[in-house]
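To convert, count from 1 in the sequence shown and add 95; that's the numbering used here.
A short worksheet on the structure shown next.
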Amino acid sequence: MTAPFLSIKNLGVTFTGGTRPVRAVNDVSLDIAEGEAVALIGESGSGKSVTMRAVMRLNPEKRSKLDGQILVGGRDVMGMNARQLSSFRGGEAAMIFQEPLLALDPVYSLGDQIVESIRRHEPVSRDAARARALDLFERVRIPSAKSRLDNYPHEMSGGMRQRAMIALALACRPKLLLADEPTTALDATVQIQVLLLLRELQRDLGLSILFVTHDIGAAIEVADRIAVMYAGQIVEQASARDLIRSPRHPYTLGLLKSRAHDAMVKGVKLDAIPGAPPDLANLPAGCPFAPRCNFADTGCQQGPIAMSDLSAAHQARCRRLDMTVPLDAG
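Spelled out as structure tokens, the structure:
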């Protein structure tokens with residue numbers, strides 16, 4: 096069996112800068128094959144972005160503690176020194192941030208930022224780097240690409256800035272692309288365009304993609320597989336098709352029911368998950384979703400809940416899976 100390109104094993108991230116330690120990510124394991132796109136979904140505070148930033152070692156080192164293992168292309172990210180990390184970031188793995196206006200440097204043109212990134216990682220001339228920058232702008236379909244290279248971030252619309260951010264991320268031909276809610280700040284039409292672009296680039300370039308979102312529709316559009324996070328844990332993962340058709344964890348069921356299909360229909364009540372996520376500095380024993388779960392019993396509140404294999408490619412972290420069997424399964 097081919098080894099995964101990204102392998103996360105038993106990842107834990109604890110923030111220690113406050114009055115109490117906060118266990119933001121707890122025992123997360125996730126594999127992404129070469130050329131595969133995986134979406135991490137869940138509500139705010141579930142640990143999605145913290146998990147992604149851990150892959151790039153971007154969480155504040157003095158105020159956070161990491162344990163577990165992260166391998167990218169067989170290389171141990173946890174064991175990298177500062178020089179190795181500098182080469183790794185942008186070279187083997189690159190990241191697209193949620194708000195490019197904050198991620199891009201406001202005092203340099205977009206073309207200069209891409210040229211600098213290329214020349215930092217590769218011994219190429221400025222002219223060769225600029226030619227690649229132009230090719231990237233054309234690939235991500237920025238109109239008038241040649242003149243746009245001289246634009247500053249504030250001179251472009253949100254959608255064009257995000258395309259420029261994607262071009263910058265791809266500048267040094269990484270094999271792993273991390274996308275942290277890249278369409279959240281965009282209007283619906285532009286969101287769809289950017290999602291389709293990411294999917295096209297993934298297929299054309301053979302990229303492995305980890306895509307963080309709270310939007311189930313976006314996850315379905317981009318991902319081959321979906322992993323659902325809650326209170327710092329992955330509670331279910333499966334192919335996008337299986338997860339949507341046969342969700343098994345009660346939290347996944349709640350997420351899918353809460354999609355606002357009929358939000359504009361008068362008199363239709365929206366489904367909502369009762370309660371609120373737990374305090375990550377004071378996690379309950381047992382399943383963290385138990386206080387909000389309609390199927391929970393006393394056993395759900397005792398001890399850690401293990402991941403159960405429903406099939407070779409479908410797992411869920413729940414001890415009441417007998418209550419969520421699809422009606423047509425029997």
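Yeah, the Cβ is synthetic: ideal placement off N, Cα and C, and Gly gets one too.
In this text the structure is predicted, and so the values were computed from the model without any measurement.
If I measure Cβ to Cβ from residue 127 and keep anything under 7 Å in the same chain, skipping five residues before and after, which residues do I get? 99, 100, 101, 133, 303 and 305
Assigned exposure category for residue 425 - 16 Cβ within 10 Å defines buried: With a pLDDT of 43 at residue 425, under the threshold of 50, the modelled position of this residue cannot be trusted, and the question is left open.
Among 353, 251, 235 and 419, which residue has its Cα nearest to the Cα of residue 204? 251
Taking the alpha-carbon positions, what's the residue 380 to residue 264 distance? 41 Å
Compute the distance between the beta-carbons of residue 121 and residue 396, then report whether it is under 8 Å. Cβ distance not < 8 Å, so residue 121 and residue 396 don't count as in contact.
Using the Cβ count rule (16 or more neighbours within 10 Å means buried), how would you classify residue 394? exposed
Per DSSP, what kind of secondary structure is residue 237 in: helix, strand or coil? Residue 237 falls in the coil class under three-state DSSP.
C-alpha distance - residue 272 paired with residue 151, whole-angstrom precision: 11 Å
Residues in its own chain within less than 7 Å of residue 168 by CB, not counting five upstream and five downstream? 100, 187 and 270
Out of curiosity, what's the CA-to-CA distance linking residue 228 and residue 179? 24 Å
Would you call the CB atoms of residue 351 and residue 345 closer than 8 Å? no
Taking the C-alpha atoms as reference points, what is the distance between residue 375 and residue 141? Taking the straight line joining both Cα atoms gives about 9 Å.
Within its chain, find whatever has a CB closer than 7 Å to the CB of residue 246; leave out the 5 residues flanking it on each side and keep chain order. Same-chain partners within the cutoff: 204 and 205.
Reduced DSSP category for residue 210 - H, G, I as helix; E, B as strand; rest coil: Helix at residue 210.
Per the DSSP calculation, residue 426 is bridged to which residue(s)? A query on residue 426 cannot be resolved here, the shown segment of the chain reaching from 96 to 425 and no further.
Can you tell me the Cα-Cα spacing of residue 294 and residue 316, whole angstroms? Rounded to whole angstroms, the gap between the alpha carbons of residue 294 and residue 316 is 8 Å.
Length of the line joining the Cα atoms of residue 333 and residue 232: 34 Å
Give the DSSP bridge partners of residue 325, in chain order. 328
Within 10 angstroms of the Cβ of residue 405, are there 16 or more other Cβ atoms? Answer buried if so, exposed if not. buried
Using the beta-carbon count (16 or more within 10 Å), is residue 347 buried or exposed? buried
Restricting to Cα atoms, I'd like to know which of 244, 164, 116 and 171 is closest to residue 183. 171
C-alpha gap between residue 371 and residue 335, whole angstroms: 26 Å
Whose C-alpha, out of 262, 291 and 243, is nearest the C-alpha of residue 234? 262
Where residue 317 falls: helix, strand or coil (DSSP): helix
Would you kindly check if the distance between the Cβ of residue 278 and the Cβ of residue 291 is under 8 Å? no
Using CA coordinates, which residue listed in 248, 219 and 260 is at the minimum distance from residue 236? 260
Around the Cβ of residue 111, are there at least 16 other Cβ atoms within 10 angstroms (buried) or fewer (exposed)? exposed
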